[in-house]
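Okay, structure first, notes after.
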Amino acid sequence: MCSGRVDLAFILRAFSQGADGVFIGGCWPGECHYVTEGNYDALSTMHLCRKLMEQIGVHPERLRLEWMSAAEGSRFTEVVDDFVKKLKELGPLRNGEGVGGNGLKLKLEAVTRLIPYIKLVERERLRVPLKSEEAYNAFYASDQMDRLFQELIADKLAVSQILLLLEEGPRSTADVSEMLGLNPAVVSRHMNISSRQGLVRYDVDRKRYALA
Amino acid sequence: MVDSLANRTIGDVMVVGAGISGIQAALDLATSGYRVFLVEKAPAIGGKMAQLDKTFPTNDCSMCIESPKFIECDRHPNIEILTYTEVDSVEGKAGNFKVTLTRKPRYIIEDRCTGCTTCAEYCPVLVPDPFNQDLAKSKATHIYFSQAVPLVPYVADECLYLKDKKCFICVGVCKNNAIDLHQEAEREEIVVGAIVLSPGYEVFDPRPRNDYGYGLIENVVTSLDFERLLCATGPHEGEILRPSDHEHPHKIAWIHCVGSREVIEGGNSYCSAVCCTYIQKQVILTKDHDAEAECAIFHNDIRSYGKDFERFYQRAENLPGVRFVRSYVSIGKENPETKNVTIRYSTPHDGVQEEEFDLVVLGVGLNPPHDVQSLADTFGIELNSHGFCKTNPTNPIETSRPGIFVSGAFLGPMDIPEAVVAASGANALTGELLRSRRGKLSRERVYPPERDVSKEDVRVGVFACHCGANIGRVVDVRSLVDYSLSLDNVVHAEEGLFICSTDAAEQIASTIREKGLNRVVVAACTPRTHEPLFRDTLREGGINQYLFDMANIREHCSWVHSKQKEEATEKAKDIVRMSVARTTHLEPLQEFDLPMNKRALVVGGGLAGMTSALALANQGFEAHLVEKDSDLGGMARRIHYSLEGLDVQEYLRDLIRKVYQHPLVHVSHGATITDVSGYVGNFATTVEAEGQVKTIHHGAAILATGADEYKPTEYLYGEDDRVLTQLELEERLTKGDESLQDAESLVMIQCVGCRQEDRNYCSRVCCGEALKNALKLRERNPELDIYILFRDMRSYGFKEDFYREAADKDVIFVRWEPQDPPQVETATNEHGKPVVRVTVADPILGQKLELDADLLVLSAAVIPSAGSREAARLFKVPMSPDGFFQEAHVKLRPVDFAADGVFLCGTAHYPKHMLEAISQAYGAAGRAVTLLSQDTVTASGSVCEVREDDCVSCGACITVCTYGAIEFRDTPKGKKAWVNPVLCKGDGLCNAKCPTNAIILKHYTDEELFCQIDAAFSDLAEVST
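Quick note, the sequences are listed as chains A and B, same order.
So the first sequence is numbered by this note's numbering: it starts at 1 and just counts up by one.
So the second sequence is numbered by this note's numbering: it starts at 213 and just counts up by one.
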């Protein structure tokens, strides 16, 4: 199994189950044990997942990818020690970040539900032309990436969260906005669009949105 | 037939010496269908490699990569291991040798011993531990080292009973009555058809001459001592402590060439070939242990001539606090109080200096085995002038006695991959000799029928290993077992001292049967080395081998948390819980057998390719040899003689004739490969040759696509016809060209086009080629001034003698530094003669030398051939960053590609001398035959599969699969992805790309992994919603 086998779903599942951090170890670039160079895919997954984490208010450094060969035991120890130190600084996930505790699981679930779509976006739009670590890092740090992320993923993610929340029962825009930590105007906009798309409906009597 | 198998005195081959080379030879021979006796004089197999900490240039853990081979030998139905055994005599001739052996008494009845080590625990006598270079003590009764095969102790001569009949505590404490202190040596006679000699080497002993104070000054150790100090299983468990006070040395010196490149009494004139790089390895590891350590390396030429050695050297050199000092040294004195050691050395800038070090490591060279003369007498073989094995000048694996082959360092100083290559080559040569006997005595493993567990409830058995003290000292294994029993689905749990020992494995197999287990978790070390063994154990127990998982509580737990015992125990419980959770979802998977096409394809008709093809044909396998040129011979056509004096053209003509005449070799000239499809055992390669297109079906392929000579752009090459390359000089020498007759002065420049940023490797052959041509020139013209301008003379191994000979014959060697390379211009000398003027800064003289040459010869780099890139693309095999083929494992699979069924040899792998290419060509043929001799090829069960209903035909999986294992197929439901299980390598990248989870990597399914993730946190309250 290659580090490129690590699915976004695995990482999210671990956070959802209570992990304070997730560590992925991969072969050094250029030292792929297969011929697939899947470690670059692991790098992509890591960057993308960090973006998603940021979006739902989880500190991106709770996810770390490091390269190491089987011969680098001491490096592994150092890296893990450093990661643990970082996680201790950040504190436990459930009461760090200020995600408002109860929303975290919902938010992670919202991302998880979006994975098939995210995979398509990654494949079609997030292509890095050159297989080098620098190129991958530069791409994911670029304005272009930010723009693509905002255009293609951020809104979908907000809607995914809203729909999940509404599964629990009807909510007002203000409730949704507070529970998800989203700007009320943004929530309103999504409600309008989602209602046009027939995903939600507005219950005029109770002044709340519900799933359609 | 069955009777003769049971008869343990008849075999096909005896391999003498069970270091890595002997082990590899035994495994290849046994897999190719021969019955092998593997004879070793030490109490366990493994040789020197077992004593090393790590191996260069990848710094893989030496024992970790070697020990699985021990177990493979142990379990191989065609290998009989005879340790603590020496050969007394060899009678008869090729095809029918009668070998007399003496089995030394180890005072342990092997069949009864379980390897429990209770005897060692109670033994009251401490003796120096030879495995740890006498730097630690062991008991008089002890197991040679903890992973030993056989895992049986031996009683050393210091035993009180053996000395004075005083003590027999061990006899009393052994529950199996396995100790017999009256055992006597036994003689045995064994009849075999061939012998492979692989007795290895001894490290140079600096004591007799004693110019470096070894044995007198406590803090002077040899490099092999230092390996043990570095090693986690060494005297201080991997802490580098110096002998005098067991303190961490901070300032360490290494001295190169101890016992090598010396013509003084007691030294060896040759270069030991491996020391430069092992010292760099030791420096890198020392800095890993202690980043603050100050390391000084006193060296002569740095001989980084092997694959990736140059980068390794740079890696060591660029570490902070590491100094490479080019100087001869002598040991000054020992400080009586601090026990520090003073070294005296000199540099061009600062003259003679003295410096004090906490520890001094002697880079000792490689000697022939101690008893080499009696060894030669016993086997009736000749030795060379250095006391190593004398070999056929055109075949480095043949001794002077037909039927006796040689592999490993007994051939001369060499590194591990070369020793492994020669071992596989010995398989090929033995196969030629014993062609008609293949398979006659061989046996197959027979497993009990596999139980259908599909209707059973999940019944997990957990086996927790102490790994001697490795785990048991840290993790409370007893409480881990109790905890395991509390987990759902676990019906059995037990602990063991070494779960991997042969008898513990048998015990697991019977527990599986008795308790009706249908899932097994072994909590021990790493699956990287031990999974095959335990899977095999499951098969012995009658259940599918994939119903198994390894919980690594050693590398991932006890080794990293050695000081936190309680936490480590808790973590071990977590790891086991996760493993058990995954196991419950595991499904039986079938490996499948596909027919093996017994033909081979050899790409490249140079020396290596021809040698491989002929070796295959001589073993009875059809070989298709594909050559792009209209003639066979490749680069060798341009080489006329070797440094050692071989007439290359005569040899080549003979080889070409044999190739053409052999009925099983089919040659295609002017051939281009246009397509390769298929997989191991069943390749189909399309070849266009001389206007015809044909498809060759073959089971294996050997890529021998060679290399090219770099066309220099430097030093006026191509602008002035007095500037030529070594190959062009050789051409002129052969033709007796006039320009050579009239020349008064000739200059050679080394390292042209390599050892530089864009070609960061050493071309290995150029120093030898320069010496060869210089000596030839000298022979023709005693008056000629010959200068060789070099960076490091890399005349490794026995080639050092020619370096010395050239210097003795007034060839003048001038070293230059890369930052100040020679300058070349055309000029007119004081006599009005037009010359090529070479200006070079001599760092020793500290001044510029102006050399007026009639001819300037460039030692041009060896560069990868265009054909290699093309072959790599077609066969989907990787290239190294330098453009040479990338083998599967640098050390232990040097002629295999990671892709099954494809092998490599010759200069396409890396620049090499002709004999090295020949050895490697036999090696590749030997490896190919381990496959071709099988009737079927087995594919792994852990491959991907598509759930067609979920597949949306997006092609994401197909795009990422560089193995080309996935394709669209038409189905009643439309076009769907389909995985060819034979091509799938189980990396699972496609799984992470599939938007609909339609593609599943069996054995690592989402469900199995989610379960494992969930179990990691099952002791936590879930994140609240």
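Where is the CB? At the ideal position from N, CA and C, for every residue including glycine.
Burial state of residue i, where buried means 16 or more other Cβ atoms lie within 10 Å
i                : result
V658 of chain B  : exposed
K351 of chain B  : buried
G1044 of chain B : exposed
E752 of chain B  : buried
V84 of chain A   : exposed
D954 of chain B  : exposed
K107 of chain A  : buried
K131 of chain A  : exposed
E333 of chain B  : exposed
W28 of chain A   : exposed
N422 of chain B  : exposed
D1112 of chain B : buried
S1077 of chain B : buried
Cβ shell of residue i (< 7 Å), same chain only, five flanking positions each side left out
i                : result
Y202 of chain A  : S195 and Y209
I908 of chain B  : L813, H836, T897 and V899
P1106 of chain B : P629, V632, V633 and E1099
E1220 of chain B : R794, H797 and L798
F1222 of chain B : none
R454 of chain B  : N431, P461, D570 and L571
L12 of chain A   : L108, V111 and T112
Integer Cβ distance of residue i from residue j, believed to fall under 8 Å
i                : j                : result
G1198 of chain B : S1152 of chain B : 6 Å
I765 of chain B  : A735 of chain B  : 5 Å
A1189 of chain B : V1158 of chain B : 5 Å
V1074 of chain B : T917 of chain B  : Not confirmed; about 13 Å, so no contact.
A485 of chain B  : P625 of chain B  : 4 Å
R50 of chain A   : L1201 of chain B : That belief does not hold up - the Cβ atoms of R50 of chain A and L1201 of chain B are roughly 20 Å apart, past 8 Å.
Y413 of chain B  : L531 of chain B  : Not a contact, Cβ separation roughly 29 Å.
H468 of chain B  : C487 of chain B  : 6 Å
L213 of chain A  : R94 of chain A   : The question about residue 213 of chain A has no answer, for chain A in this structure spans 1 to 212.
M1126 of chain B : V860 of chain B  : 7 Å
Beta-bridge pairing of residue i - partner residues as DSSP gives them
i                : result
Q565 of chain B  : B:Y557
K266 of chain B  : B:C273
Q904 of chain B  : B:A901
V311 of chain B  : B:V302 and B:I402
L813 of chain B  : B:H836 and B:A913
A735 of chain B  : B:A676 and B:A763
T937 of chain B  : B:L1070
K349 of chain B  : B:P340
H704 of chain B  : B:G673
F617 of chain B  : B:V408 and B:E610
Q802 of chain B  : Looking at the DSSP assignment, Q802 of chain B forms no beta bridge with any residue, so it has no partner.
G1167 of chain B : DSSP lists no partner for G1167 of chain B.
Proximal residues to residue i (C-beta, below 8 Å), its chain only, five neighbours per side dropped
i               : result
K305 of chain B : P614 and G615
T886 of chain B : T898, V899, E900 and V905
V475 of chain B : S481 and R1016
Nonlocal neighbours in the same chain, by C-beta distance under 6 Å from residue i, ignoring five residues either side
i               : result
K465 of chain B : Sequence inspection shows Ala at residue 465 of chain B; the Lys mentioned does not correspond to that position. A508, I555, F569 and V572, listed in sequence order.
G592 of chain B : R613
I429 of chain B : E546 and V553
Contacting positions in the stretch 115 to 148 of chain A - beta carbon closer than 9 Å to chain B:
Answer set for the stretch 115 to 148 of chain A: I115, P116, Y117, I118, K119, L120, E122 and R123.
Got a sec: which bits of the stretch 592 to 615 of chain B sit with their beta carbon under 8 Å from any beta carbon on chain A, in order along the chain?
Of all residues in the stretch 592 to 615 of chain B, none has a Cβ within less than 8 Å of some Cβ in chain A.
Between the stretch 1002 to 1022 of chain B and chain A, which residues of the former have a C-beta closer than 9 Å to a C-beta of the latter?
Listed by position, the residues of the stretch 1002 to 1022 of chain B near chain A (Cβ gap below 9 Å) amount to none.
Select from the stretch 1063 to 1092 of chain B all residues with a C-beta closer than 7 Å to any C-beta belonging to chain A, and list them in chain order.
Those would be K1088 and P1090, in chain order.
Residues, ordered as in the chain, of the stretch 818 to 840 of chain B that lie near chain A by beta-carbon distance below 7 Å:
Residues of the stretch 818 to 840 of chain B with a Cβ closer than 7 Å to any Cβ of chain A: none.
Output, in sequence order along the chain, the residues in the stretch 433 to 459 of chain B whose CB is closer than 7 Å to any CB in chain A.
Going along the stretch 433 to 459 of chain B in chain order, one finds no residue with a Cβ nearer than 7 Å to chain A.
Beta carbons nearer than 9 Å to chain A: which residues of the stretch 1174 to 1200 of chain B have them?
Only those residues of the stretch 1174 to 1200 of chain B whose C-beta falls short of 9 Å from the nearest C-beta of chain A are listed: T1174, Y1175, K1197, G1198, D1199 and G1200.
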